[in-house]
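Chains as they are written, first to last, in numbering that gives the first Met the number 0: chain R, 0 to 422; chain B, 0 to 292; chain C, 0 to 344.
Note that the Cβ used here is the ideal one computed from N, Cα and C, for glycine as well.
Notes follow once the structure below has been shown.
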Amino acid sequence: MHSGWQWQRRGGLLAAGSALALALALVLAPAGLGGSKRTAASCIKGAGKPIKIGASLSLSGDFSADGQAFKRGYQLWAAHVNSHGGLLGCHVKLDIVSDASSPAQVVTNYQKLISSDHVDLAFGPFSTLLTVPSSKVANRFGYALIEGAGGAPAVFANGLHNVFDVSLIIKNQLVTAAKWLASLPKSERPKTAAYPTSNDPFTQPQLPVARKIMQKAGIKTVYSKVFPAEVTDYTPIATAVAATKAQAVLLGSVDVPTVSAFIQAFAQQHYNPKAFIATAGPDQGSAFTSAVGSNAEGVMVPNGWYGGEANKLSRAMVKAYIKKYGGNASGINADVAEAYSVGEVAQQAVTKIKSLDNKKLIAYLHSGKTFTSVQGPVKFNALGENTAIKAFTFQWQKGKYVQVLPKGAKQSKRPEYPKKPWG
Amino acid sequence: MTSQYAQAVVDGVLSGGVYALMAAGLTLIFGVMDVINIAQGVMVVLGAYLSYALSVHLGLDLFATLVVTVPALFVVGVAVEWLFMRRLADRDRTAMSILVTYAVAIIIEGILIQVFGPDFVQLHGPYVDKSVHVLGFYLPYIYLYGFMLAVVLLGLLYALLYLTRFGQALRASLQDRRAAELIGIEVNRVRTLTFGIGVAVTAAGGMVFGATNAFNPNSGYDLISRLLTIVILGGLGSIGGALVAAVFMLVVEDVVAVAWSPTWSTLVFFAVLVIVLTFRPSGLFGRTAVRAQ
Amino acid sequence: MTGETSLLRRGGVFAATLAVTAAFVLFPLVFSNPTTTSIAFFVLIYMIAATAWNVFSGLSGYIALGHAVFFGAGAYTLAVGAEKLNVSAGWTPFALVPLAGIVAGAIAIPFGLISLRTRRHTFVVITIAIFFIFQTLAFNLSFTGGSSGLQTPFPLWTAVGYNQRFYYVALVVLVATVAMAVVVRRSRLGLQLLAIRDDEDRALGLGVRTSRVKLFAFTLSAIPVGMAGAVYAYFLGQIFPQFAFDPLFDITIALMAFFGGLATVVGPLLGALVLESMQQEFTLRFSAGGGIYLIAYGALFLVVILVMPRGVVPTLRDALANARERRAGSPGPGVRVHAPLRSRP
């Protein structure tokens with residue numbers, strides 16, 4: 000604040016003019032967050048300049064379905080921020096490039112975003128496979144990489160300090176469900192279980208953890224095999240699982256086609272396990288239900304979020320999503336929430352430190368503060384993993400996607416067990 | 000345990016039928032025209048999408064969609080051949096065909112992404128989830144129908160090749176283009192029609208594929224290498240060979256998946272192929288003397 | 000052509016080569032934007048692979064679609080080697096690059112012995128089959144890290160000049176590869192391969208030891224591809240089995256060689272330059288719109304192939320030759336002499 004003494008020393012029209020402008024700004028600017036739009040003058044980057052946020056997404060290729068969902072999440076967040084005063088007073092502009100699900104492309108993309116497009120912040124791509132090379136590029140340039148879809152151990156094994164995953168840690172995703180099955184009374188508990196899994200860094204760490212818990216409770220393992228990630232026909236594998244007549248099936252899947260192929264084969268074989276839990280696929284909303292139809296009934300999946308989430312932030316996002324894209328809350332792909340959460344964490348951190356300096360951002364994100372997001376609380380450990388997020392298990396019941404575990408949690412409904420027969 | 004193996008064999012036979020349907024067009028084009036159609040995988044997907052669009056928007060039964068998709072893909076095949084393949088000189092035909100069909104494949108994929116988007120879809124029908132109970136096994140209807148369709152279509156193709164004048168003309172123009180032209184065969188027209196027929200059959204394969212797997216525009220790539228191996232294993236130009244090879248390989252794969260692990264079944268699939276080809280380079284039913292191998 | 004013009008031509012070729020090499024060396028210094036140098040690096044990698052592939056497939060006519068095996072083997076050699084030998088990040092891992100080439104060459108021998116017994120279409124498919132065998136192995140063996148892949152050392156170089164270091168290492172490998180391609184093309188080995196391409200049985204009858212020649216060329220072609228894989232792996236920082244052993248890689252290098260012109264040395268270089276930079280640029284700028292970029296890329300590709308079916312370089316060269324002959328006043332239109340047995344640069 001200029002003291003009267005400085006003003007007198009400077010003297011002249013210039014000083015008077017700037018004081019006037021300052022006074023005007025103070026009068027016109029709202030006295031706090033929320034409400035009317037800020038004037039361009041209060042944008043931290045300068046009048047009228049946008050904050051550019053860059054991300055590389057898989058809009059074609061293997062991960063295209065998820066990439067598109069992620070794009071929606073980022074865009075919804077940006078729209079929300081821009082309609083609520085912007086970020087640090089500035090308009091947020093997303094710079095999204097496609098990487099065609101290729102790691103070589105993703106490396107070039109982040110270099111372009113950072114050094115050619117001069118983005119202020121970098122958001123992550125989809126999948127561990129692409130997050131690892133991206134995080135290294137971002138690290139080189141001193142950028143933080145806040146992401147929501149790279150959670151396998153490989154991402155955190157590099158000793159990089161700049162990567163922050165807002166989503167659930169992969170390894171323990173099935174723990175809640177496994178514990179529930181293990182804790183059922185003996186007469187209800189499944190006697191046998193099958194653990195087929197895809198050959199993928201997302202699924203493989205999860206199954207052994209669940210298996211251990213269930214074996215301890217006396218649930219015998221009758222099938223525990225890995226199948227190739229890129230298989231053209233799942234039927235023989237699913238049929239082999241069906242032949243074991245296991246009472247519970249924990250499927251390590253990464254996408255909808257895998258799950259739907261298993262379900263279809265199970266239905267054809269008239270094989271009805273009491274519990275069917277897949278690690279991914281059923282959490283993709285309408286993409287899942289349009290593939291399996293009424294067979295979605297009773298299928299469970301672990302995740303950190305769902306459309307019926309009660310917290311205020313989530314409700315607002317769901318409302319905005321339905322307004323823009325139609326459908327209902329159960330139809331929203333969980334990827335959308337992951338992407339949205341990335342934006343939210345970035346927004347809160349940047350707003351708190353009042354700066355776009357990535358070094359400060361990284362330090363602040365590592366400071367142990369807890370952030371809020373549509374997926375729940377976010378708190379990063381030294382590796383960049385989110386230790387505060389809770390793993391829930393969801394289930395499709397009568398066409399609605401509801402939370403069922405952990406039992407006793409506020410929104411958990413009663414799990415449908417045993418699962419209704421297919422068809 | 001034996002029932003698991005038996006089930007694996009049954010599965011292999013049935014899925015072999017589906018693959019044979021997809022590969023039939025390829026063996027025709029490859030074996031008889033000396034063209035490696037890399038776009039075959041994407042064309043299967045194209046056929047699947049066309050059936051999908053028809054069944055979703057017009058409510059047609061899956062098999063009924065074939066009435067439209069088969070002629071549609073025939074037209075596509077003829078167009079591709081006439082526009083692109085024809086301009087390839089005979090000399091580097093095989094090698095150049097890889098290039099050209101690859102370009103065609105990515106164009107088709109791009110069109111599919113634009114029209115249908117990248118999400119996975121699957122063909123549905125009242126009988127897709129159902130199976131018939133036979134001798135203690137559940138045989139899914141869709142696979143049974145697919146297998147029967149494969150036998151019928153392959154039989155028709157076979158008849159076309161060996162019992163009609165057109166087939167004769169085709170085989171003649173393959174053996175020696177000059178000589179065939181001299182006796183009045185319009186080689187170019189024969190080739191165009193053959194390519195069209197090869198792609199048309201693929202429409203049927205696409206429908207069954209789409210009913211048994213979730214697919215998106217990217218699904219073609221995983222298919223093409225398997226289709227190529229089946230075609231070579233069966234012997235170029237041999238329709239029956241394609242069926243036998245498809246069934247054989249799928250049975251081997253499925254049995255290994257049960258006996259050992261699904262991750263190794265692909266390896267065994269290809270290892271068996273390598274072994275067979277080293278001893279019989281022209282495949283199980285191929286004829287070595289058709290042209291210089 | 001008179002001896003005088005031939006000397007002039009030789010001099011011209013030499014000067015051109017010098018100019019091009021200088022351009023390559025100076026490129027990242029002039030265009031130092033990381034995006035550009037990143038793309039340039041990948042272009043070099045593909046140039047190495049396409050040139051090496053062409054040494055075998057272009058000259059012999061055996062279309063091998065399994066070279067990704069060597070690329071992946073080289074990548075894993077560097078990753079596993081760096082891990083087991085506790086190599087620290089920085090310049091040291093580059094010492095593993097020649098080792099990667101040797102490993103790739105070693106794998107090429109049994110690979111070649113099995114596959115080269117077959118011909119033409121069977122050969123193509125066998126190379127694909129062997130490729131998938133290796134890919135499955137990479138996914139399942141423990142020392143390859145399975146589906147989680149392997150990390151390569153993470154150098155602490157700053158962002159400025161980071162890409163350039165990799166670029167120059169790749170350039171060194173490229174120069175060596177091109178030199179090898181030129182030597183092979185002009186040597187007896189090259190002639191023998193071309194003879195095999197034209198008519199293998201006749202070559203055999205003329206005394207060419209075809210199996211030996213093919214195997215040797217095949218192995219030679221594997222080594223640079225392995226080295227390229229190693230440098231690539233180090234640049235990306237992490238390898239996963241489906242990317243190190245990528246079936247699209249096989250098709251891509253074949254396409255690049257075809258595009259530029261099989262059996263020429265410059266062809267694959269041109270093909271890699273045009274196709275890889277186009278591919279990355281297109282994806283970067285257009286693919287946010289879904290399938291449009293695929294359609295555009297494919298259409299462009301198609302147009303070029305149909306207009307220049309023998310590849311860019313031979314078509315241009317013929318056009319030049321025709322123009323020259325017409326200027327020299329020879330009767331009738333320029334005759335396209337396709338003389339595969341004559342040595343050409």
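Mind checking if residue i is an interface residue toward chain C, Cβ cutoff 9 Å exclusive?
i      : result
B/V103 : yes
R/N198 : yes
B/F284 : no
B/G124 : no
B/L276 : yes
B/S50  : no
B/Y220 : yes
R/Q104 : yes
B/E108 : yes
Tell me, please, whether the CB atom of residue i is closer than 9 Å to any CB atom in chain B?
i      : result
C/L193 : no
C/L293 : yes
R/P420 : no
R/G292 : yes
R/S101 : no
C/R187 : no
C/T314 : no
For residue i and chain R, any beta-carbon pair shorter than 9 Å?
i      : result
B/L272 : no
B/T68  : no
B/L249 : yes
C/A158 : yes
C/G236 : yes
C/T91  : no
C/S342 : Low confidence applies to C/S342: its pLDDT is 45, below 50, so where it sits in the model is not reliable enough to give any reading.
Once DSSP output is grouped into helix, strand and coil, what is the label at residue i?
i      : result
B/H132 : strand
R/L25  : For R/L25, the predicted structure reports a pLDDT of 42, less than 50, and the residue's modelled location is therefore unreliable. A value from the coordinates is still provided. R/L25: helix per DSSP, three-state reduction.
R/K378 : strand
C/T151 : coil
B/D60  : coil
C/F351 : Residue 351 of chain C lies beyond the residue range present for chain C, which begins at 0 and ends at 344; the question has no answer from this structure.
R/I218 : coil
R/A39  : Summary for R/A39: the model assigns pLDDT 44, below 50, so the residue's position carries little reliability; its value from the coordinates is reported in the next sentence. Of the three classes helix, strand and coil, the one that applies to R/A39 here is helix, per DSSP.
C/N162 : helix
C/Y233 : helix
R/A264 : helix
R/E146 : strand
B/S50  : helix
R/V96  : strand
R/V106 : helix
What are the residues in the region 210–237 of chain R lying within 8 Å of chain B by C-beta distance? Taking 8 Å as the Cβ-Cβ cut-off against chain B, the residues of the region 210–237 of chain R that qualify are K224, V225, F226, P227, E229, V230, T231, D232, Y233, T234, P235 and I236.
Is the number of C-beta pairs between the region 83–100 of chain R and the region 56–65 of chain R that are closer than 8 Å three or more? Yes, the region 83–100 of chain R is in contact with the region 56–65 of chain R.
Near-chain C residues of the region 118–130 of chain R (beta-carbon distance less than 8 Å), N- to C-terminal order: Within the region 118–130 of chain R, L128 place their CB atoms closer than 8 Å to a CB of chain C, listed in sequence order.
Go through the region 280–320 of chain R residue by residue and report every complete run of the alpha helix (DSSP H) that reaches 4 residues or more, in order. Counting only runs of 4 or more, we get 285–291.
To test your reading of the DSSP string, which unbroken alpha helix (DSSP H) runs of 4 or more residues are found completely within the region 65–150 of chain B? Segments of the alpha helix (DSSP H) lying fully in the region 65–150 of chain B: 92–115.
Cβ pair count under 8 Å reaching 3, the region 103–119 of chain B against the region 159–168 of chain B: They do not touch, by the three-pair rule.
Against chain B, which members of the region 256–287 of chain R pass a CB distance test of less than 7 Å? Answer set for the region 256–287 of chain R: P256, S259, A260, Q263, A266, Q267, Q268, H269 and A286.
Chain-ordered residues of the region 357–380 of chain R with a beta carbon less than 9 Å from chain C: The region 357–380 of chain R vs chain C, Cβ under 9 Å: nothing.
Name the residues in the region 118–132 of chain C whose C-beta lies less than 9 Å from a C-beta of chain B; which are they? Here the close residues are R118, R119, H120, T121, F122, V123, V124, I125, I127, A128, I129, F130, F131 and I132.
What alpha helix (DSSP H) runs, 4 residues minimum, are completely inside the region 164–216 of chain R? The region 164–216 of chain R contains these whole alpha helix (DSSP H) runs: 174–182 and 205–215.
Do the region 238–250 of chain B and the region 82–101 of chain C make contact, defined as three or more Cβ pairs closer than 8 Å? Touching, no, given that fewer than three Cβ pairs across the two stretches are closer than 8 Å.
Residue ranges of each alpha helix (DSSP H) run of no fewer than 4 residues wholly in the region 162–191 of chain B, ordered along the chain? Counting only runs of at least 4 residues, the region 162–191 of chain B fully encloses the following alpha helix (DSSP H) elements, listed from N- to C-terminal order: 164–174 and 176–181.
Alpha helix (DSSP H) runs contained entirely in the region 179–217 of chain C, provided each spans 4 or more residues: Whole alpha helix (DSSP H) segments, 4+ residues: 187–197 and 199–204.
Would you say the region 279–293 of chain R touches the region 224–233 of chain R, given that touching needs at least three Cβ pairs under 8 Å? Because the criterion of three Cβ pairs below 8 Å is not met, the region 279–293 of chain R and the region 224–233 of chain R do not touch.
Anything in the region 11–39 of chain C with a Cβ closer than 9 Å to a Cβ of chain R? List those residues in chain order, please. Interface annotation for the region 11–39 of chain C against chain R: N32, P33, T34, T35, T36, S37 and I38, criterion Cβ-Cβ distance under 9 Å.
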